[in-house]
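Undergrad: Residues in the sequence shown are numbered consecutively from 1116, following the working numbering.
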Amino acid sequence: MNYKNVKNFFNLKKNNIHNRIIRKGGAVLLAGMLSVSLAACGQTSGSASSLNNGTATDSLADTVSDTSLVSTADTASSTITNGSSISGETVSFSAGSTESDIAAALSSYNSGVSELTASGITEDLTASYIDTTDLFTDRDLDPSYSSSDAIPVTLSDSGSSCNSSAVSIDGSTLTITAGGIYELSGTLSDGQIVVDADGEKVQLVLNGVSISNDSSAAIYVKQADKVFITLAEGTENVLSTTGEYVDIDENSIDAVIFSKDDLALNGAGTLTITNGYGHGIVSKDDLKITSGTYNITASSSGINGKDSVRICGGSFSINAGTDCIHSSNDEDETKGYVYINGGSFDLTSESDAIDGSSTIQIDGGSFMINAGDDAIHSNTVSIINNGYINVTDSYEGLEGNTVVINGGEIHIKASDDGINAAGGNDSSGFGPMGFDMFSSSASGSYIMINGGYLDIDAGGDGLDANGSLYVTDGYTLVNGPTDNGNAALDYDGNGVITGGTFIALGTSGMALNFTSATQGAMLVNLNGNFSSGDEISLTDSEGNVYAEFTASKTGNSVLISTPDITSDGNYTLSVGSSTTEISMGGNYIYGSGTGFGMGGGMGGFGGGRQGGRMDGQGFNNQNGTDSTNDQNNNQGMNGQGGFGGGRRGDWQNSTGENSSENGEMPQLPEGFDGEMPEDFEGQMPGGFNGERPQPPEGFEGGMPGAFGGEMPEMPETDSQTESGLQS
């Protein structure tokens, strides 16, 4: 999607405050959240922006000058009040608070349970933020070393050499058995460096090294307290495994650099890794990278840390047969996380570009991603606080049981969903017929957008929450599907917007608006289609432009929500040369969408609640009469639905409130264990009163009398109200 002169575009800052509605200890409050981790990479830079009535200003060194942050939402209500740094039920800063005061307040809720309340909807929200306080040590961050303190090691096919007894040489295998700094140079065409120094810290300085191994790792850390690999400034270093792996001990070595213990890489040189039979870099503990240039090509994952992968600098070009960056720990649910705050990344993967079994948190960095599956995938929580992310191709862009966006600039192109919040483990893109098996469960799933700039181009659903969707701030643009089987916006629970600008283009077949809003949200399903290149704009009665952009796909549905759209306003939506006049009519929600389903079928096991009409209208008073012009009666009838029924289309009553109901699975008779009762003689079990349900009196094979004996006519595909939309 191209955008020009977009009204209300907020000032996107690298370090800004994001307004969030948080609950701590039972008190709902609107809190300012720093998008940059104050202790990231062991540093304290990235001071708090000044808080000014809920807006962000880029004054990184300023202290808090105004802490009266009051929610503008009608029902989400609370404040950060002047007072001490933290009380039992609120997070509060005093005027003039320092950076450390703010950091202490933020840390009290960043890893806790929060709750969002708006327009009468209350839902527990849990997002586990990574504690960044001690992620990196000073030695992780500092690649410097003294040459006078280093032990020189010269590598050579004709005979390697070292004057230290801590280095044993057996042909082309060199084993380091004691702690210290070792400066390596030279070439081994089929050799290996082994670190076997139990409980010791070892630093390997690669100063122009080329090591290849036919059947194992080029560098193998068998045991140590921790190993540092430093790339000497200005040097080129090359490591590779050229053939299939052959076990040399009880450890299943399967990477060019393979470590059983903590591993940290840094430096100002370049490391090129090639592996046609396994991974690039693997640590069976924590893997940290703080600086250096890395070019990795691997048939499996590029960078793999079992307990964690932590990156706060460096330049990475990774081409992986599975995941580019991966962390997974099946034994400890608190581990298996990925944390990134800085660096540049060019990632190409056949599976996920960034994958974690627990939290993925990105606080900074620049990412170019081409993924065969998900660009960023977590089995639990995916959090974007800052950074530039450009997903040029993916199956799905961002995925997690929970997805939270607090800041940054994000561009996503996905063949399926742009952002997907769903439960379960990752099998996305590889299920039957290519369906995403990750969405098998949705316990606690939600998408929350608290800030940042988000641009999505999705072939499936733009935003797909198998739970709820919450938007509190930021600028979101969704360029959705061109088919009626998907929607620009899709959620199963609540759809709430309390701030920010949200624009979504798609098709009307399954289009949804928000269910609750504290600012105007309008869904307009058009009489005709817009095409790629058509100009779309929203103006008020005085000609002020609230949004102006260019469509890049074909569609006929437009959803726009901005803080400037009021409940009593009148607006004009212009699409190409056609216009639609919109009167909010005292409501924040205008046009509720079609919901899900095309009407329940007749009969079926026990019946269900009838699905909605395709235009989202109900039938009034159980008599099947079309109620297009009677908003007070648009509740839809309890029908002779199919098995479980479809989801009834949303309806809008005279107060502007919206509702949707899902057909439910009928319950089996009490005590039914999957087998027919022993005394079953052709009758239905007792839960059905011993008889099959009877059709209505007078029923002779046609429709019941309430329909005059005939099937009611479905509305035309583009049936419109006078205002030009399907309510």
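Yeah, the Cβ is synthetic: ideal placement off N, Cα and C, and Gly gets one too.
1) Looking at the strands, I want to know which residues DSSP matches up with GLY1582.
2) LEU1256 by DSSP, collapsed to three states: which one?
3) Determine the burial state of VAL1361: buried for a count of at least 16 other Cβ atoms within 10 Å of its Cβ, exposed for fewer.
4) Tell whether a beta-carbon distance below 8 Å holds between ASN1642 and SER1707.
5) One question on the structure: do ASP1502 and GLY1471 come within less than 8 Å of each other, judged by their Cβ atoms?
6) Enumerate in chain order the residues of its own chain whose CB-to-CB distance from GLY1301 is below 6 Å, with the five nearest sequence positions on each side excluded.
7) Alpha carbon to alpha carbon, what distance is there between VAL1309 and SER1367?
8) For the beta strand (DSSP E) containing MET1625, name the first residue and the last one.
9) Reducing DSSP to helix, strand and coil, say where ASP1489 ends up.
10) Whole angstroms is fine: what's the gap from ASP1551's alpha carbon to SER1415's?
11) Could you name the residues of the same chain whose beta carbon sits closer than 8 Å to that of LYS1337, not counting the 5 residues immediately before and after it, in chain order?
12) Helix, strand or coil for SER1367 per DSSP?
13) Rounding to the nearest angstrom, what Cα-Cα distance links ASP1649 and GLY1658 in this structure?
14) Residue range of the beta strand (DSSP E) that LYS1375 falls in?
15) Considering just the uninterrupted stretch of the beta strand (DSSP E) at GLY1301, what are its terminal residues?
16) Hey, how far is the Cα of ALA1265 from the Cα of GLY1295?
17) Do LEU1638 and TYR1585 have their beta-carbon atoms positioned less than 8 Å apart in this structure?
18) Is it the case that the Cβ atoms of ALA1602 and GLY1621 are separated by a distance below 8 Å?
19) So within the region 1613-1670, which uninterrupted alpha helix (DSSP H) runs reach at least 4 residues, ignoring any that extend past its ends?
20) On the criterion of 16 or more Cβ atoms from any shown chain inside 10 Å, does SER1276 qualify as buried, or is it exposed?
21) Hey, could you find the ends of the beta strand (DSSP E) ALA1383 is sitting in?
22) What residues in its chain sit with their C-beta under 8 Å from that of ASN1599, if we drop five residues either side in the sequence?
23) In chain order, what residues of the same chain have a beta carbon less than 6 Å from the beta carbon of LYS1403, not counting five sequence neighbours either side?
24) Could you pull out every residue in the same chain whose Cβ sits closer than 6 Å to the Cβ of GLY1566, ignoring the five residues on either side in sequence?
25) According to DSSP, is SER1693 helix, strand or coil?
26) In its own chain, which residues sit with a C-beta less than 6 Å from the C-beta of THR1463, not counting the 5 before and 5 after it?
27) Tell me, which residues are paired with SER1442 by DSSP?
28) Quick one: does the C-beta of ILE1334 sit closer than 7 Å to a heavy atom of the ligand SAM?
29) Measuring straight from C-alpha to C-alpha, what distance separates GLY1479 and ASN1328?
30) Applying the criterion that 16 or more other CB atoms from any shown protein chain within 10 Å of the CB defines a buried residue, is ASP1253 buried or exposed?
31) I need the DSSP call for ASP1340, collapsed to helix, strand or coil.
32) Please determine, among ASP1377, SER1398, ALA1383 and ASP1683, the residue with the shortest C-alpha to C-alpha distance to VAL1371.
33) Just verifying my parser: in three-state terms, what is the DSSP assignment at GLU1511?
34) Once the 5 residues before and after TYR1392 are set aside, which same chain residues still bring their CB inside 7 Å of it?
35) Which residue marks the beginning of the beta strand (DSSP E) containing THR1591, and which one marks its end?
36) Checking the sheet assignment: what are the DSSP bridge partners for ILE1418?
TA: Reading from the atomic positions:
1) Paired residues: none, contrary to the question.
2) helix
3) exposed
4) no
5) Note that residue 1502 is Gly in the sequence shown here, rather than Asp. No, the pair does not count as a contact, with Cβ atoms beyond the cut-off.
6) THR1269, LEU1270 and SER1271
7) 15 Å
8) Segment: none, MET1625 is in no beta strand (DSSP E) and carries neither H nor E.
9) strand
10) In this predicted model, ASP1551 has a pLDDT of only 45, less than 50, meaning its place in the structure is not dependable enough to derive any value.
11) VAL1309, VAL1310, ASP1311, ASP1364, ASN1366 and LYS1375
12) coil
13) 19 Å
14) That residue, LYS1375, is in no beta strand (DSSP E); it is neither H nor E in DSSP.
15) 1295-1303
16) 7 Å
17) no
18) yes
19) none
20) exposed
21) Counting along the chain, ALA1383 falls outside any beta strand (DSSP E), and DSSP gives it neither H nor E.
22) THR1622, SER1623, GLY1624 and MET1625
23) ASP1255, ALA1379 and ARG1425
24) HIS1133, ASN1521, GLY1522, ASP1588 and GLY1589
25) strand
26) ASN1434 and ASN1485
27) GLY1471
28) Annotation note on the ligand SAM: not contained in the displayed structure, which lists no ligands.
29) 36 Å
30) exposed
31) strand
32) SER1398
33) strand
34) THR1356, GLY1358, GLU1359, TYR1360 and SER1414
35) 1590-1594
36) ILE1396 and ILE1440
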